[in-house]
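Student: In this note's numbering, the protein residues as written are 1 to 380. Before anything else, here's the structure in question.
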């Protein structure tokens, strides 16, 4: 019996369909990048746990793996357990009150923003006849820096720097980083936008191990090239200081510069920049370098936006690589996104990006979120 031949055009048509199906599957796989898991929420029902103190801005981790989160609207620092499959992000009973500045420029409640864990024996605080190095350090929109050690006061931070009445313009701190300069000395870096007309200070203040002022730095071209933008975040990436600048009036944009640990500008043409909303930076704050086990954007510099809640990836030269997306391909959007930190999860041998968000970021009124973003193929 003679085998019936299949017309060539049908073969080509079917081949095209198969190729198209493969292309769709590959495309879907490429966009199915990351999964967002909400651990703790201010509002009931949006996460595993509810915490009415949560209005997260900055955070850092303790040696036991727990997270300390600064809550700007409530004036508290709250702690959450190290993530695990059994108890992801469980709120811990420890709650620290961050005091307001004596002049109370933002009212009777402290306004913590940045958080830094202190692994040194410096940055000593004293109160109630007791003295010890601060374990956690906080700065505030009030223009203060405070430290906390449970041996000094179990539930209250102690103000150690008060620049709330500094002249000509009071300080207003939006980020905090503890690092070391080129001589190996501990330095506390605080992003100071200023609490005055036309975002007045626009600099990174540096403090030594006794909380003494040792200098400041900025990129002077930002004020002329991008008027209305001020320092916003200060972060360490590969022993370099990344500083973001943001505007607080539409159209929003953003600039990212890199400095060495002594405050010398390394990127006179900026690591990344856009003005007037033309580009991926829209009031950038959180910055972290992805480890090599974080899916599509492994090894990339991740920069998040407070304004539109997106997380964008850049290569080491500042070239835009793309945006983190959900399985369906839509961008991950976390309103009021403030901070993120990478931690390794031994259960899946993968990196997880822990984030905080104020949700209502403009007025800092209530609402907050603490959660995880993980690569889709390593979803918990």
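Quick reminder that beta carbons are idealized off the backbone N, C-alpha and C, glycines included.
Span of the beta strand (DSSP E) holding residue 186?
Tutor: That run of the beta strand (DSSP E) goes 186 to 192.
Student: Is residue 165 helix, strand or coil by DSSP?
Tutor: Coil at residue 165, not helix or strand.
Student: Measuring CB to CB, does residue 153 end up less than 8 Å from residue 127?
Tutor: Yes, they are a contact pair.
Student: Just grab the DSSP bridge partners of residue 312 for me.
Tutor: Per DSSP, 303 and 323.
Student: Whole beta strand (DSSP E) runs in the segment 218 to 272 with 3 or more residues, listed along the chain?
Tutor: If we require 3 residues or more, the beta strand (DSSP E) runs fully inside the segment 218 to 272 come out as 229 to 237, 240 to 247 and 254 to 259.
Student: Let me make sure I understand the geometry here. Which of 195, 187 and 223 has the alpha-carbon closest to that of residue 207?
Tutor: Answer by Cα proximity: 187.
Student: Apply the 10 Å Cβ neighbour rule to residue 54 and answer buried if 16 or more other Cβ atoms are within range, or exposed otherwise.
Tutor: With 16 or more Cβ atoms within 10 Å of its Cβ, residue 54 is classed as buried.
Student: I'd like to confirm the pairing. Which residues does DSSP put opposite residue 148 in its beta bridges?
Tutor: Paired residues: 136.
Student: Since residue 336 and residue 309 should fall inside the 8 Å C-beta cutoff, what is the C-beta to C-beta distance between them, to a whole number of angstroms?
Tutor: Contact holds; Cβ gap of about 7 Å.
Student: Taking the straight line between their C-alpha atoms, what separation do you get for residue 319 and residue 224?
Tutor: Cα-Cα distance, rounded: 23 Å.
Student: Identify the residues that DSSP records as bridge partners of residue 177: which are they?
Tutor: Answer by DSSP bridge pairing, in chain order: 189.
Student: Would you kindly work out how many angstroms separate the C-alpha atoms of residue 104 and residue 151, rounded to a whole number?
Tutor: Taking the straight line joining both Cα atoms gives about 27 Å.
Student: Comparing C-alpha positions only, which one of 210, 283, 117 and 76 sits nearest to residue 304?
Tutor: Selected option, being the one with the closest Cα: 283.
Student: Go ahead and pull the three-state DSSP assignment for residue 296.
Tutor: In the structure shown, residue 296 sits in a helix (DSSP, three-state: H, G or I).
Student: For the beta strand (DSSP E) holding residue 207, just list the boundary residues, first then last.
Tutor: Start and end: 203 to 207.
Student: Could you tell me the boundaries of the beta strand (DSSP E) in which residue 93 lies?
Tutor: That run of the beta strand (DSSP E) goes 91 to 97.
Student: For the beta strand (DSSP E) that contains residue 212, what are its first and last residues?
Tutor: Careful: residue 212 lies outside any beta strand (DSSP E) and carries neither H nor E.
Student: First and last residue of the beta strand (DSSP E) that includes residue 64?
Tutor: From DSSP, residue 64 is part of no beta strand (DSSP E); its letter is neither H nor E.
Student: Residues in its own chain within less than 7 Å of residue 252 by CB, not counting five upstream and five downstream?
Tutor: Same-chain partners within the cutoff: 277, 282, 283 and 307.
Student: Can you tell me the Cα-Cα spacing of residue 317 and residue 241, whole angstroms?
Tutor: Distance between the alpha carbons of residue 317 and residue 241 is about 15 Å.
Student: Using only CA atoms, which one of 239, 39, 356 and 259 lies nearest to residue 71?
Tutor: For the residues 239, 39, 356 and 259, the minimum Cα distance to residue 71 belongs to 356.
Student: So which of 236, 182 and 189 has the shortest CA-CA distance to residue 123?
Tutor: Comparing Cα-Cα distances from residue 123 to each of 236, 182 and 189, the minimum goes to 189.
Student: Roughly how many whole angstroms lie between the Cα atoms of residue 52 and residue 183?
Tutor: Each residue's alpha carbon lies about 43 Å from the other.
Student: Looking at C-alpha atoms only, which residue of 178, 214 and 272 is the closest neighbour of residue 119?
Tutor: Selected option, being the one with the closest Cα: 178.
Student: If I measure Cβ to Cβ from residue 81 and keep anything under 7 Å in the same chain, skipping five residues before and after, which residues do I get?
Tutor: If we look at residue 81 and ignore the five residues flanking it on each side, its Cβ neighbours are 66, 87, 89, 90 and 92.
Student: Any idea if residue 325 is buried or exposed, counting beta-carbon neighbours within 10 angstroms, 16 or more meaning buried?
Tutor: Buried, since its Cβ has 16 or more Cβ neighbours within 10 Å.
Student: Please report the distance separating the alpha-carbon of residue 162 from that of residue 69.
Tutor: Rounded to whole angstroms, residue 162 to residue 69 spans 21 Å at the Cα level.
Student: Rank 222, 48 and 353 by C-alpha distance to the C-alpha of residue 243 and give the top, closest one.
Tutor: It is 222.
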